[in-house]
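In short: position in the sequence shown from 1, add 349, done, that's my numbering.
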Amino acid sequence: APSAAMAGGGVGARFRRMDMHPRVNSEFATRTSAGGAITLIAAFLMAALFLSELRAYVRTDTVNELEVDTSRDVTLRINLDMTFHAMGCGVISLDAMDITGDNHLDVDHTIYKRRLDKQGKPIAEAERHIVGGTDMKDNEAVIGGGEDEGEECGSCYGAESDETRCCNTCDEVREAYRRAGWSFSNADGI
Numbered sequence: 350a351p352s353a354a355m356a357g358g359g360v361g362a363r364f365r366r367m368d369m370h371p372r373v374n375s376e377f378a379t380r381t382s383a384g385g386a387i388t389l390i391a392a393f394l395m396a397a398l399f400l401s402e403l404r405a406y407v408r409t410d411t412v413n414e415l416e417v418d419t420s421r422d423v424t425l426r427i428n429l430d431m432t433f434h435a436m437g438c439g440v441i442s443l444d445a446m447d448i449t450g451d452n453h454l455d456v457d458h459t460i461y462k463r464r465l466d467k468q469g470k471p472i473a474e475a476e477r478h479i480v481g482g483t484d485m486k487d488n489e490a491v492i493g494g495g496e497d498e499g500e501e502c503g504s505c506y507g508a509e510s511d512e513t514r515c516c517n518t519c520d521e522v523r524e525a526y527r528r529a530g531w532s533f534s535n536a537d538g539i
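Next comes the structure, spelled out in structure tokens:
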């Protein structure tokens with residue numbers, strides 16, 4: 350017999366009609382103490398897991414950790430030995446910087462330029478250039494201790510004067526052009 354709540358069309362009756370899995374009649378269900386124990390244990394485990402996860406979510410743990418980065422300030426030494434045949438001195442340059450674009454102090458950034466003739470033989474001793482450095486008098490022949498009496502005299506390409514008779518480096522050619530008041534625009538032929 351339908352109950353009074355269902356017959357009257359109350360709120361509870363409406364919910365029961367929407368139930369996709371209606372209640373099994375009691376004559377088809379067998380209640381055992383083992384089934385009740387399993388239900389209680391499962392309910393307890395679900396509640397314990399829910400409360401444990403809720404506590405882990407709400408609680409904040411502060412962990413202080415100090416670690417020394419030993420890979421910083423490790424420098425990599427790079428030595429280059431390149432020969433550029435038939436390349437003008439105005440084209441050759443070297444830019445040294447790290448991945449962030451910063452220049453570093455107290456690091457040896459030095460290149461040596463040596464002018465060669467058409468056969469690839471050195472015309473003069475190597476000239477030292479500080480990469481990123483200021484205009485210093487350091488840019489002079491440093492290998493071999495200077496010019497010898499029997500050393501070959503390179504051309505200044507028409508800009509020779511009483512002060513400058515030989516131009517054995519690219520910078521000496523530039524300086525001779527500057528003293529002569531000439532433009533040093535075509536560096537490719539030097």
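Glycine residues also receive a C-beta, built at the ideal position from the N, C-alpha and C atoms.
Quiz item: Cα separation between Asp431 and Glu414?
Solution: Numbered from 1 along the sequence shown, position 82 holds the residue referred to as residue 431. Numbered from 1 along the sequence shown, position 65 holds the residue referred to as residue 414. Note that residue 431 is Met in the sequence shown here, rather than Asp. Distance between the alpha carbons of Met431 and Glu414 is about 48 Å.
Practice problem: Tell whether a beta-carbon distance below 8 Å holds between Cys516 and Ala529. | Solution: Here residue 516 is taken as the residue at index 167 of the sequence shown, counted from 1. Here residue 529 is taken as the residue at index 180 of the sequence shown, counted from 1. Result no, Cβ atoms of Cys516 and Ala529 do not sit closer than 8 Å.
Quiz item: The alpha helix (DSSP H) spanning Val473 covers which residue range?
Solution: Counted from its first residue, the sequence shown places residue 473 at position 124. For the record, residue 473 in the displayed sequence is Ala; it is not Val. Run containing Ala473: none; DSSP gives neither H nor E here.
Practice problem: Quick one: residues in its chain with C-beta nearer than 6 Å to the C-beta of Glu512, no 5 flanking neighbours on either side, listed in chain order? | Solution: Taking the first residue of the sequence shown as 1, we reach residue 512 at position 163. No residues qualify anywhere along the chain.
Quiz item: So Cys519 is in the alpha helix (DSSP H); what residue range does that whole segment cover?
Solution: As a working note, residue 519 is residue 170 in the sequence shown. Looking at the DSSP string, the run of the alpha helix (DSSP H) that includes Cys519 is 519-529.
Practice problem: Look at the alpha carbon of Val373 and the alpha carbon of Arg363, and state the distance between them as a whole number of angstroms. | Solution: Within the sequence shown, numbered from 1, the residue matching residue 373 stands at position 24. Within the sequence shown, numbered from 1, the residue matching residue 363 stands at position 14. Approximately 18 Å, taken between the alpha carbons.
Quiz item: Since Leu465 sits in a beta bridge, which residues does DSSP pair it with?
Solution: Along the sequence shown, read from residue 1 onward, the residue named residue 465 stands at position 116. Beta-bridge pairing links Leu465 to Pro471.
Quiz item: Would you report the Cα separation of Ala405 and Leu389, rounded to the nearest angstrom?
Solution: On the sequence shown, residue 405 is found 56 positions in, with the first residue counted as 1. On the sequence shown, residue 389 is found 40 positions in, with the first residue counted as 1. Taking the straight line joining both Cα atoms gives about 24 Å.
Self-check item: Reduced DSSP category for Tyr406 - H, G, I as helix; E, B as strand; rest coil
Solution: The residue labelled residue 406 in the question sits at position 57 within the sequence shown. Three-state result, Tyr406: helix.
Practice problem: Determine the DSSP secondary structure at Ser510, reduced to helix, strand or coil. | Solution: In the sequence shown, counting from the first residue as 1, residue 510 sits at position 161. Coil, per DSSP.
Exercise. Count the other CB atoms, across all protein chains shown, that sit within 10 Å of the CB of Val522; report buried if there are 16 or more and exposed otherwise.
Key: Taking the sequence shown and counting its residues from 1, one reaches residue 522 at position 173. Classification for Val522: buried.
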